[in-house]
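All the letters of the sequence shown, read from the start, carry residue numbers 46 to 329 under our numbering.
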Amino acid sequence: MRHIALLIAALLAGCSGPATLERRNGYVADHQYTAPSHSSRVRYLVLHYTDGGEARSLATLTGPNVSVHYVVPLPARWIHGQPRIYQLVDESRRAWHAGVSAWKGRHNLNDTSIGIEIVNRGPTDTAQGRVWAPYPPHQIDAVIALARDIIARHGIDPTNVVGHSDIAPSRKIDPGPRFPWRQLHAAGIGAWPDDASVARYLRRFRQNPPTLAELQCALAAYGYPITISGRLDDRTHDVLRAFTMHFRPDDYLRMTQDKVQPDAETAAILWALLEKYRLSAACL
Numbered sequence: 046m047r048h049i050a051l052l053i054a055a056l057l058a059g060c061s062g063p064a065t066l067e068r069r070n071g072y073v074a075d076h077q078y079t080a081p082s083h084s085s086r087v088r089y090l091v092l093h094y095t096d097g098g099e100a101r102s103l104a105t106l107t108g109p110n111v112s113v114h115y116v117v118p119l120p121a122r123w124i125h126g127q128p129r130i131y132q133l134v135d136e137s138r139r140a141w142h143a144g145v146s147a148w149k150g151r152h153n154l155n156d157t158s159i160g161i162e163i164v165n166r167g168p169t170d171t172a173q174g175r176v177w178a179p180y181p182p183h184q185i186d187a188v189i190a191l192a193r194d195i196i197a198r199h200g201i202d203p204t205n206v207v208g209h210s211d212i213a214p215s216r217k218i219d220p221g222p223r224f225p226w227r228q229l230h231a232a233g234i235g236a237w238p239d240d241a242s243v244a245r246y247l248r249r250f251r252q253n254p255p256t257l258a259e260l261q262c263a264l265a266a267y268g269y270p271i272t273i274s275g276r277l278d279d280r281t282h283d284v285l286r287a288f289t290m291h292f293r294p295d296d297y298l299r300m301t302q303d304k305v306q307p308d309a310e311t312a313a314i315l316w317a318l319l320e321k322y323r324l325s326a327a328c329l
């Protein structure tokens with residue numbers, strides 16, 4: 046038996062090549078064969094703001110109830126001339142950042158997403174109205190570097206780079222209208238409509254606007270969790286608010302929440318997105 050044990054040890058140490066062998070509890074995993082038919086389980090990149098300062102945010106996100114994969118601090122922390130970003134959860138693990146959520150018919154996006162929390166205080170209600178905290182350029186540069194890396198590693202589709210408000214429109218408003226989605230798109234991150242297409246659809250919809258049911262159908266086709274009811278119900282209002290913050294942020298900042306209504310410009314942006322990213326809706 047001792048000779049057999051020594052022979053097995055020799056085989057494990059030499060013949061199969063130590064680089065392919067991994068000793069685990071009670072067995073040895075051999076990695077010499079690799080299947081090419083696989084892909085990342087990560088489909089979505091979800092962007093948040095912390096709604097608070099760095100110390101409180103890190104304390105919450107390292108506690109027992111909520112977590113996230115990455116935190117982008119404010120102000121930037123520099124190491125070797127590059128911004129330092131906190132990684133709290135390995136990308137192979139499920140972080141608890143999205144909560145009750147849905148996008149493109151999939152639910153519970155914690156299962157299939159990477160979450161980035163950006164340290165930002167969000168909105169403050171003042172006597173002059175609601176004021177949203179800005180995102181400094183150096184912080185957005187760090188977000189861009191991180192998001193590019195994640196997207197390349199997991200092959201995330203542009204339309205699957207979303208805000209928390211997009212996937213949970215009745216619960217969340219982050220990352221808010223100050224987040225520069227268009228700048229991220231210019232850096233190769235996320236989706237944005239082409240101006241010429243928006244202008245073309247705007248001319249069309251000023252003359253012949255879509256029905257509310259058609260607008261709801263188009264929002265669902267893009268990914269939003271919405272029911273096609275033909276009514277301007279609470280859910281539709283919440284989704285329109287999320288869409289406006291994402292794709293019409295300057296307009297959103299000029300209006301109050303109660304004034305977010307379906308109009309020709311929203312429809313034009315939405316149809317331009319569907320056209321650009323080849324998303325079809327059977328009900329249109």
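We put the CB at the ideal spot given by N, CA and C, even for glycine.
A quick note: this is a predicted structure, and the numbers were derived from the prediction, not measured.
With a 10 Å radius around the Cβ and a threshold of 16 neighbouring Cβ atoms, Gly200 comes out exposed. DSSP, reduced to helix, strand and coil, places Gln132 within a strand of the structure shown. Per DSSP, the beta bridge partners of Asp170 are Arg175. Bridge pairing for Trp148: Arg151 [DSSP]. By the Cβ-count criterion, Arg299 is exposed, with fewer than 16 other Cβ atoms from all chains shown falling within 10 Å of its own Cβ. If you draw a 10 Å sphere on the C-beta of Arg293, you find 16 or more other C-beta atoms in it, and that means buried. Boundaries of the alpha helix (DSSP H) harbouring Leu106: 99-106, taken from the DSSP string. In this structure the region 230-241 touches the region 200-220; the number of beta carbon pairs closer than 8 Å is three or more. The count of Cβ pairs closer than 8 Å, one atom from the region 219-226 and one from the region 253-269, stays below three, leaving the stretches out of contact.
Taking the Cα positions, Ala327 is about 21 Å away from Ala309. Closest in alpha carbon position to Thr157, among Leu285, Val91, Pro203, is Val91.
For Tyr246, the uninterrupted alpha helix (DSSP H) run begins and ends at 240-252, by DSSP. In the structure shown, Ser210 falls within a helical segment according to DSSP collapsed to helix, strand and coil. Counting only residues of its own chain and dropping the five nearest sequence neighbours on each side, Pro168 has a CB closer than 6 Å to the CB of Arg175, Trp177. Counting the other Cβ atoms within 10 Å of the Cβ of Asp239 gives fewer than 16, which makes it exposed. Counted as a single uninterrupted DSSP element, the alpha helix (DSSP H) harbouring Arg280 occupies residues 279-292. Going by DSSP, Ala263 is part of the alpha helix (DSSP H) stretching over 257-267. Our two residues, Leu319 and His152, have alpha carbons roughly 21 Å apart in a direct line.
Considering only Arg286, Ala172, Ala197, the residue with the shortest C-alpha distance to Thr311 is Arg286. With a beta-carbon spacing of about 6 Å, Val164 and Ser102 fall inside the 8 Å limit used to define contacts.
Secondary-structure assignment with DSSP links Arg122 through a beta bridge to Arg129.
A distance below 7 Å between beta-carbons, with the five flanking residues on each side excluded, links Lys217 to the following residues of its chain, in chain order: His209, Ser210.
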